[in-house]
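In the working numbering, the protein residues as written are 119 to 202.
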């Protein structure tokens, strides 16, 4: 039997330094793809770990509850991506 480890960092595009330096279309979010990702891993019964930035938790609290209900793990990815 083969095993794989699957993890996903949950953050938004503005947390990535590259996008912070560019003019980006702010009408969409990297979080928009989260439902599609959850469907894929549910369809294939792949348990996953999600690492979440603390500052984004209030925006996705209901989604995090769903992730837990589906049997996945949630871990801390830190409070935010702030450069020193």
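Ideal Cβ placement from N, Cα and C applies to all residues, glycine included.
Item to check | Whole-Å CB distance - residue 192 paired with residue 185, under 8 Å assumed | outcome: Contact check for residue 192 and residue 185: beta-carbon distance about 6 Å, within the 8 Å limit, so the pair qualifies.
Next on the checklist: Less than 7 Å between C-beta atoms, sequence neighbours within five positions excluded: which residues of the same chain meet that for residue 121?
Outcome noted: So no residue of the chain qualifies.
Checklist entry - So residue 171 packs on residue 151, CB below 8 Å; how close in whole Å? => result That pair is no contact at about 16 Å.
Item to check | Secondary structure of residue 159, DSSP reduced to three states | outcome: DSSP, reduced to helix, strand and coil, places residue 159 within a helical segment of the structure shown.
Checklist entry - If we call anything under 8 Å between Cβ atoms a contact, is residue 178 one with residue 149? => result Closer than 8 Å, so yes.
Next on the checklist: DSSP has residue 191 in a bridge; who is on the other side?
Outcome noted: DSSP lists 167 as partners of residue 191.
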